[in-house]
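Enquirer: This structure is in structure tokens; I'll ask about it shortly.
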Amino acid sequence: MSHNYFTYFYLSFSFLIVLNINAQVPTTVPLELRAQFNGQYDYVVIGNTLNEFDNLSSPPPPCQMLSQSSAELSLEPNQSIVAAYLYWSGIGDGLFDPEIQLNGQSLFADEINVVDPQQFSFNFYYGSFKNVTNQITLTGNGIYTFDDLELNNIITEYCANGIYFSGWSLLVIYQDSTLPTQQINIYDGLASVYGYEDNAFSDISINNLNIVNTQNARLAYLAWNGSPNIFFNESISFNGNLLSNPLLNPVDNPFNGTNSYTGATDLWNMDLDVFDISNFIAVGDTDATLTFTSVPERFIQNVVTVTRSELPDATVQLTNFSGIGNCNAQSLSFEATVYNLNSSDLLPANTPVSVFVLDDNNEEVFLDTFFTQNIIPVNGSETQFLTLDIPPQIPNNTTLILKANTLEDDSQPINEANVLNNNFSADLIMPQSPTINDQPLTVNLCDDVSNGIFINLTEFDSDIKINPEHDVVYYQSQTDFDNNLPINQPNNFLIDANTTQVIAEVVDPVSGCASTTQTIITIQVANIPIIDFYQGEDLVICVDFLTNTIISAPILNTQLNETDYTFEWFLDGNILNFTGSSLQVQEAGFYEVIVTEITTNCQTSYVAEVIESSIPDFEVNVIGQNFNQNNSIEITNIQGVGDFEFSVNSQNWQSYQGESQLIFSNLPGGEIQVIGRSLAGCGQNIKSVLLLNYPEFFTPNNDGFNDTWSITNLPDAKVFIFDRYGKLLKKLDSSNNTWDGTFNGKAMPANDYWFILNYKDLKTGEPKRFKANFTLKR
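The sequence shown runs 1 to 778 under full-length UniProt numbering.
This is the structure:
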């Protein structure tokens with residue numbers, strides 16, 4: 001349905017109300033065709049008023065209205081519901097109480113029409129429409145209760161003139177296979193009839209008829225504010241013939257609060273009336289006119305006509321149409337299908353379909369007209385494939401319009417049932433290739449290893465595309481571009497060669513059109529040199545910890561030449577006044593070198609720690625008495641820089657981790673070497689210690705092992721050997737320091753023997769004496 005009025009959209013909760021209202025509320029909203037049904041269809045109407053009395057009776061009744069009323073729907077079993085429309089009307093603009101209920105289901109209007117017939121009292125009246133097909137189909141027959149329309153809060157200003165009303169009506173279209181083919185037209189709006197001038201009458205033109213039989217032709221309406229008490233110059237005429245229903249709707253008072261379907265005469269200020277018009281039309285008629293007149297205010301919300309009219313109904317649609325033309329083309333190819341639906345006659349061959357597009361001013365520009373090739377039966381269709389040229393002045397984004405049964409001049413040569421459904425429109429994009437910055441790009445990258453480098457190609461998008469809404473597509477090679485094989489992950493693309501060329505194009509994501517030229521991106525990868533000062537060893541500066549003199553220091557060598565690279569050196573974060581490729585270390589700390597390749601500007605940095613270390617100094621003490629068979633020593637007063645380790649005779653190294661002493665036990669007698677060395681490789685310190693000991697036995701059997709007994713590590717000592725009875729058997733000194741187990745040439749028996757050792761303390765030089773025994777074994 002279409003009205004040429006300003007449209008106000010009222011949003012509340014989950015519903016949409018279309019309110020037809022002018023800057024000044026109009027006096028009338030003309031009735032226009034809402035729906036048409038062609039075939040074995042008919043209708044039924046129920047409804048009820050919410051007025052308790054005729055508001056124009058004398059004396060005036062109480063100024064009030066109900067909020068609820070009911071009516072019964074009763075269809076035959078063979079009558080199938082195909083559509084159901086709920087209408088209600090009342091005082092105000094329809095927004096005071098927009099939510100109503102039908103059988104307990106909350107509803108909001110799909111459309112609201114508002115009128116102000118007198119244009120000076122600001123007393124508005126409204127009519128609402130709601131498509132309730134689903135609800136009525138599910139509910140079916142039964143009592144329908146319209147509820148929750150409470151308008152008494154705004155009724156006061158309407159009481160003075162007595163023009164207040166409210167009520168509802170349910171119009172149900174059904175299909176019945178026993179019916180003849182009929183055409184049902186439903187017109188609605190809110191036509192007000194009032195006074196003697198412009199609003200004194202309202203005409204409805206019924207076009208596109210083809211009457212084949214006049215039998216049972218009817219006209220019905222839903223009207224408001226009718227009264228049997230006040231009426232003047234009131235009439236309904238069809239094709240100039242006054243309509244009436246004897247005893248129910250007088251010819252001069254058809255709006256009188258009656259229900260022609262039930263015979264009720266107390267449908268206060270509301271009319272549900274139907275009239276037989278079969279005598280006022282003729283076979284072959286193609287149009288008719290319905291006219292309402294009245295001096296007192298009357299409001300007609302809908303009109304239903306039923307006639308035996310047989311006509312085709314041409315409609316058209318685009319099929320298999322994406323709405324997007326070919327890139328950079330001024331021609332358009334598409335499929336159009338012409339239908340003959342909701343009709344009752346054949347659609348003849350050569351029915352025209354004209355094609356238009358909109359220019360920059362939204363004016364229609366005619367393109368071409370094509371014609372159907374065949375007769376299209378009822379509910380049939382025909383599809384044609386078309387190619388049309390688009391004029392160059394048409395904008396790239398436009399609207400394509402197809403008009404069935406229409407010539408270039410908008411005339412309609414075929415008489416059809418409904419001319420309001422002839423047009424079909426669709427958005428049309430005639431895409432052009434996007435622009436691109438196709439100047440070559442060169443990118444220099446630095447790679448610190450030789451196994452490739454990942455790059456985010458999308459960082460170049462803004463350099464390549466002009467329109468930020470477009471996309472940039474990247475290809476790894478010309479072959480991939482030719483075969484339409486784009487890089488799948490351009491944000492994580494692996495460059496595995498020193499030089500790579502990537503091809504980029506710009507694509508419009510809406511049309512799919514690509515730029516006609518491409519951008520070549522040359523990516524050059526320079527390998528950053530690998531620097532390793534450590535070479536598998538720690539970097540150590542060796543010092544004399546007593547004098548702090550450097551004994552040896554490492555050289556930090558980058559192994560790079562100074563022609564191709566520049567160097568910056570830092571010690572503990574402070575820049576050094578040195579720019580060579582190799583640095584002689586002078587002190588411990590963290591050294592960093594930043595190397596820059598001159599041609600590529602690639603940089604790398606390397607950090608190394610140089611530690612300080614020295615040879616350890618220490619003291620060695622023998623633990624316990626001399627001539628102890630389990631000798632032990634302790635290493636104390638350890639001094640130096642760094643970490644150390646110690647051993648006896650280069651065996652069983654022990655790390656020094658800051659302990660106060662180290663102890664070595666179970667040592668053999670004699671002279672031993674105590675070694676302390678730097679774990680960082682700065683050298684070692686060796687100290688000798690003499691451990692006094694004696695053999696506990698000997699075996700003088702001339703086998704070459706333990707054949708004599710002696711104390712060899714005290715050459716200046718004097719040893720006296722006795723038997724068990726105290727008899728001196730042998731005296732040992734530096735000139736004769738072994739005993740072979742004989743006395744006066746006679747071998748002594750196996751037994752224990754005693755000795756006395758006189759010697760000087762190795763540290764103090766004081767005289768010492770030691771007594772012990774040993775065993776002679778045979």
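Glycine included, every Cβ here is placed at the ideal spot set by N, Cα and C.
Decide if residue 641 is buried, meaning its Cβ has at least 16 other Cβ atoms within 10 Å, or exposed.
Expert: Here residue 641 corresponds to residue number 641 of the sequence shown, with the count starting at 1. Classification of residue 641: buried, given that the 10 Å Cβ count is 16 or more.
Enquirer: Taking DSSP as the reference, what is the three-state secondary structure of residue 478?
Expert: To locate residue 478, count along the sequence shown from 1; it is residue 478. Collapsing the DSSP output to three states places residue 478 in a helix.
Enquirer: Alpha carbon to alpha carbon, what distance is there between residue 679 and residue 687?
Expert: The sequence position of residue 687 within the sequence shown is 687, counting from 1. The sequence position of residue 679 within the sequence shown is 679, counting from 1. If you take the alpha carbons of residue 687 and residue 679, they lie about 18 angstroms apart.
Enquirer: Starting from residue 134, follow the beta strand (DSSP E) in both directions and report where the run begins and ends.
Expert: Taking the first residue of the sequence shown as 1, we reach residue 134 at position 134. Segment 133-139 is the alpha helix (DSSP H) holding residue 134; no beta strand (DSSP E) there.
Enquirer: Tell me where the alpha helix (DSSP H) around residue 462 begins and ends.
Expert: As a working mapping, residue 462 is identified with position 462 in the sequence shown. That run of the alpha helix (DSSP H) goes 461-464.
Enquirer: Quick check: the segment 270-277 against the segment 220-232, are there 3 or more CB pairs under 8 angstroms?
Expert: The segment 270-277 vs the segment 220-232: in contact.
Enquirer: Is residue 280 helix, strand or coil by DSSP?
Expert: Here the question's residue 280 lines up with position 280 in the sequence shown. DSSP places residue 280 in helix when its eight states are reduced to three.
Enquirer: Here's the rule I'm using: 16 or more other beta-carbon atoms within 10 Å means buried, otherwise exposed. How should residue 296 be labelled?
Expert: Locating residue 296 in the sequence shown gives position 296, where the first residue counts as 1. Answer is buried; the Cβ neighbour count reaches 16.
Enquirer: Let me check understanding here. Comparing Cα to Cα, which of 184, 755, 478 lies closest to residue 727?
Expert: Looking up residue 727 in the sequence shown gives position 727. The shortest C-alpha separation from residue 727 is found at 755.
Enquirer: Looking at the structure shown, is residue 22 part of a helix, part of a strand, or coil, going by DSSP?
Expert: To locate residue 22, count along the sequence shown from 1; it is residue 22. Any reading at residue 22 must be qualified, since the residue scores a pLDDT of 40, below 50, and its modelled position is unreliable; no value is offered.
Enquirer: Can you tell me whether residue 534 is helix, strand or coil according to DSSP?
Expert: Position 534 of the sequence shown, counted from the first residue, corresponds to residue 534. If DSSP states are grouped into helix, strand and coil, residue 534 belongs with coil.
Enquirer: Runs of 3 residues minimum, wholly inside the segment 111-183: which ones carry the beta strand (DSSP E) assignment?
Expert: 111-115, 125-131, 142-147, 167-175
Enquirer: Give the secondary structure of residue 667 by DSSP, where H, G and I count as helix, E and B as strand, and everything else as coil.
Expert: Taking the first residue of the sequence shown as 1, we reach residue 667 at position 667. Note: residue 667 maps to strand in three-state DSSP.
Enquirer: Distance, Cα to Cα, residue 775 vs residue 750?
Expert: Position 775 of the sequence shown, counting from 1, holds the residue named residue 775. Position 750 of the sequence shown, counting from 1, holds the residue named residue 750. Straight-line Cα distance between these residues: approximately 7 angstroms.
Enquirer: Less than 8 angstroms between C-beta atoms, sequence neighbours within five positions excluded: which residues of the same chain meet that for residue 75?
Expert: Your numbering for residue 75 matches position 75 in the sequence shown. Here the set comprises 44, 81, 140, 141, 172, 174.
Enquirer: In whole angstroms, give me the CA-to-CA distance for residue 290 and residue 311.
Expert: Position 290 of the sequence shown, counted from the first residue, corresponds to residue 290. Position 311 of the sequence shown, counted from the first residue, corresponds to residue 311. Cα to Cα, residue 290 sits roughly 21 angstroms from residue 311.
Enquirer: Report yes if the CB atom of residue 434 is closer than 8 angstroms to the CB atom of residue 467, and no otherwise.
Expert: Here the question's residue 434 lines up with position 434 in the sequence shown. Here the question's residue 467 lines up with position 467 in the sequence shown. Yes, these two residues count as a Cβ contact at 8 angstroms.
Enquirer: Grouping DSSP H, G and I as helix and E and B as strand, with all else coil, what is residue 458?
Expert: To locate residue 458, count along the sequence shown from 1; it is residue 458. It is helical.
Enquirer: For residue 77, which of 281, 348, 176 has the nearest alpha-carbon?
Expert: In the sequence shown, residue 77 corresponds to position 77, counting from 1. Residue 77 has its Cα closest to that of 176, out of 281, 348, 176.
Enquirer: Distance, Cα to Cα, residue 330 vs residue 491?
Expert: Taking the sequence shown and counting its residues from 1, one reaches residue 330 at position 330. Taking the sequence shown and counting its residues from 1, one reaches residue 491 at position 491. Taking the straight line joining both Cα atoms gives about 36 angstroms.
Enquirer: Determine contact between the segment 324-340 and the segment 389-399, defined as no fewer than three beta-carbon pairs at a distance below 8 angstroms.
Expert: yes
Enquirer: When you compare the segment 203-221 with the segment 115-133, are there three or more beta-carbon pairs, one atom per stretch, that lie closer than 8 angstroms?
Expert: no
Enquirer: With C-beta atoms as the reference, is residue 292 less than 8 angstroms away from residue 236?
Expert: Taking the first residue of the sequence shown as 1, we reach residue 292 at position 292. Taking the first residue of the sequence shown as 1, we reach residue 236 at position 236. Their beta carbons are under 8 angstroms apart, which means residue 292 touches residue 236 by this criterion.
Enquirer: Check whether the segment 247-259 touches the segment 179-186, counting contact only when three or more Cβ pairs, one atom from each stretch, lie closer than 8 angstroms.
Expert: no
Enquirer: According to DSSP, what are the bridge partners of residue 80?
Expert: Working through the sequence shown from its first residue, we reach residue 80 at position 80. Residue 80 pairs with 175.
Enquirer: Are the CB atoms of residue 254 and residue 54 within a distance shorter than 8 angstroms?
Expert: One-based indexing of the sequence shown puts residue 54 at position 54. One-based indexing of the sequence shown puts residue 254 at position 254. Contact flag unset, no.
Enquirer: What whole-angstrom Cβ distance do residue 510 and residue 436 have, given they're in contact under 8 angstroms?
Expert: For the purposes of this step, residue 510 is identified with residue 510 of the sequence shown, where counting begins at 1. For the purposes of this step, residue 436 is identified with residue 436 of the sequence shown, where counting begins at 1. That belief does not hold up - the Cβ atoms of residue 510 and residue 436 are roughly 16 angstroms apart, past 8 angstroms.
Enquirer: Taking the alpha carbon of residue 147 as the reference point, which residue from 195, 118, 124, 89 has its own alpha carbon closest?
Expert: Numbered from its first residue, the sequence shown carries residue 147 at position 147. With distances taken between Cα atoms, residue 147 lies closest to 89.
Enquirer: Please name the residue, chosen from 364, 351, 407, that lies closest to residue 384 on a Cα-to-Cα basis.
Expert: As a first step, residue 384 must be located in the sequence shown, where it is residue number 384. Answer by Cα proximity: 351.
Enquirer: I need the straight-line Cα distance from residue 167 to residue 357, nearest angstrom please.
Expert: By 1-based counting over the sequence shown, the position of residue 167 is 167. By 1-based counting over the sequence shown, the position of residue 357 is 357. Residue 167 and residue 357: Cα-Cα distance of roughly 46 angstroms.
Enquirer: If distances are taken between C-alpha atoms only, which option among 60, 512, 165 comes closest to residue 48?
Expert: Start at 1 with the first residue of the sequence shown, and residue 48 comes out as number 48. Of the candidates 60, 512, 165, the one whose C-alpha sits nearest the C-alpha of residue 48 is 165.
Enquirer: Are the Cβ atoms of residue 523 and residue 446 separated by less than 8 angstroms?
Expert: Stepping through the sequence shown from its first residue, residue 523 is reached at position 523. Stepping through the sequence shown from its first residue, residue 446 is reached at position 446. Their beta carbons are not under 8 angstroms apart, which means residue 523 does not touch residue 446 by this criterion.
Enquirer: Name, in chain order, the residues that DSSP records as bridge partners for residue 270.
Expert: Stepping through the sequence shown from its first residue, residue 270 is reached at position 270. Answer is 224.
Enquirer: With a threshold of 8 angstroms, are at least 3 pairs of Cβ atoms found where one atom belongs to the segment 590-598 and the other to the segment 566-579?
Expert: Contact annotation: the segment 590-598 touches the segment 566-579, with at least three C-beta pairs closer than 8 angstroms.
Enquirer: Look at residue 649 and residue 672 and say whether their C-beta atoms are less than 8 angstroms apart.
Expert: Locating residue 649 in the sequence shown gives position 649, where the first residue counts as 1. Locating residue 672 in the sequence shown gives position 672, where the first residue counts as 1. Going by C-beta atoms, residue 649 is nearer than 8 angstroms to residue 672.
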